[in-house]
Amino acid sequence: MWMFILALFYSIPSLILYVSTVYVIIKYWKTLKSSFFVWYILDFGMNLFTTCVTFITLKLSSVTCQTCLLSPLYESLQESFVSNFMYAMMYHMSYVQYATTAIISMNRLTILVDHIFFEPIWRKYSFVLIFFVYFFPFISTGQLFESTCRYGNRTDGTFVLSCSLPTSILFTPLIIFQVGCMVCSIICNATSFFIVLRASKEIKVKMEINFLILISVTTAVMLLGAVVSLYLSNYPKGSMYNIFHTYLLPIISDLFTIMHPWLLYILSKPIKNYVNRDVFRMKTSTVEVIPHNSRVGSHQNNPNGSRIEIKF
């Protein structure tokens, strides 16, 4: 129960902030338009879907007993297509989250290298990439639809979703994919970091600390997810398996979801001021954002490609 309450405690305000940031981005799209925010909005849709799946499959089931009000819901899902789908999505969205993180890292790097050339390409073809990112993992997770998935009973009498397909078959390709995405992200972020270090002193003051924070948080969460997946794959009968699978894995998945709006809110003064002013009705400092169509050289852009200038 305490994990469920904890999840609600950090998830509700995070989702409110997530929706708020997407709202102001769409509202001020003509000003904030960039490939970074295209991916931010697409990532929002995927993360919201992941949150719903995780909440129903793992969180709510962990506090629903056999005689509770919601028990008929899980009993009706026994060996159904919905159970197979929900179980598949727990693995499927891990592929999507890691792939999206790697692609956004590549986006930041290419925007830093040559904004004029790469920005239009990213804005034009991002929807094609996100379509590929979502459907490609079915090569691995699709086999779950041919197995039997059902809600069984935990030792404490609550529901838990399990599947007849061995977890090693699912975790092995997932771990390989996670490692590949993690290496790609680290290389891209490290290269971007060196580009920032070589930038002019004025631009470096605006970018360096925030970019280091962004790299550290993203890399740490990706690494933690890969380590947990490696343990679950190699020790399916280990003493910590149920704890990692039931509690730690959902928290890591939540981190992928909730850290993005908080990072954007903290690191982007324009977004923070827009959210405070338009959503929370708070007084903010004056923010001037360079229009999207202004001719700004690639050496003047910040790491996320949004070309935001801040004036107080």
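Quick note on UniProt numbering: the sequence shown kicks off at 1 and runs consecutively.
Ideal placement from N, C-alpha and C gives every residue a C-beta, glycine not left out.
Values in this document were obtained by computation on a predicted structure and should not be read as measured data.
> Are there 16 or more other CB atoms within 10 angstroms of the CB of asparagine 234, so buried, or fewer, so exposed?
Replying inline: exposed
>> To the nearest angstrom, how far is the alpha carbon of serine 80 from that of valine 275?
In response: 42 Å
> Tell me which same chain residues have a C-beta within less than 8 Å of the C-beta of valine 279, skipping the five on either side of it?
Replying inline: Ser20, Tyr23, Val24
> How many whole angstroms separate the CB atoms of serine 35 and arginine 123, which I take to be in contact at a CB cut-off of 8 Å?
Replying inline: 5 Å
> In terms of alpha-carbon separation, which member of Val228, Phe256, Pro166 lies closest to threonine 218?
Replying inline: Phe256
>> Measuring alpha carbon to alpha carbon, tell me which residue in Leu60, Ala220, Tyr74, Met46 is nearest methionine 182.
In response: Ala220
> CA-CA distance, leucine 144 and proline 270?
Replying inline: 44 Å
> With distances taken between CB atoms, is the gap from leucine 48 to tryptophan 262 smaller than 8 Å?
Replying inline: no
>> Applying the 10 Å Cβ sphere with the 16-neighbour rule, what's the burial state of methionine 171?
In response: Sequence check: residue 171 is phenylalanine here, not methionine. Classification for phenylalanine 171: buried.
>> Between which residues of its own chain and methionine 240 is the CB-CB distance below 8 Å, once the five residues before and five after are set aside?
In response: Tyr231
>> Quick check on DSSP: helix, strand or coil for arginine 281?
In response: coil
>> Quick check: the Cα distance between phenylalanine 159 and isoleucine 26, rounded to an integer number of angstroms?
In response: 40 Å
> Would you call the CB atoms of phenylalanine 168 and serine 147 closer than 8 Å?
Replying inline: Contrary to the premise, residue 168 reads as serine rather than phenylalanine in this sequence. No, the pair does not count as a contact, with Cβ atoms beyond the cut-off.
>> I need the boundaries of the beta strand (DSSP E) containing serine 162, first residue and last residue.
In response: 159-163
> So who's on the other strand from asparagine 153, going by DSSP bridges?
Replying inline: Phe159
> Expressed to the nearest angstrom, what Euclidean distance is found between the alpha-carbon atoms of serine 83 and cysteine 149?
Replying inline: 6 Å
> Do you know how far the Cα of isoleucine 111 is from the Cα of histidine 245?
Replying inline: 37 Å
> To the nearest angstrom, how far is it from the Cα of residue 381 to the Cα of phenylalanine 117?
Replying inline: Residue 381 lies beyond the range of the chain shown here (1 to 312); nothing can be said about it.
>> Which residue wins for smallest C-alpha separation from cysteine 65, given the options Phe136, Leu32, Lys33, Asp156?
In response: Asp156
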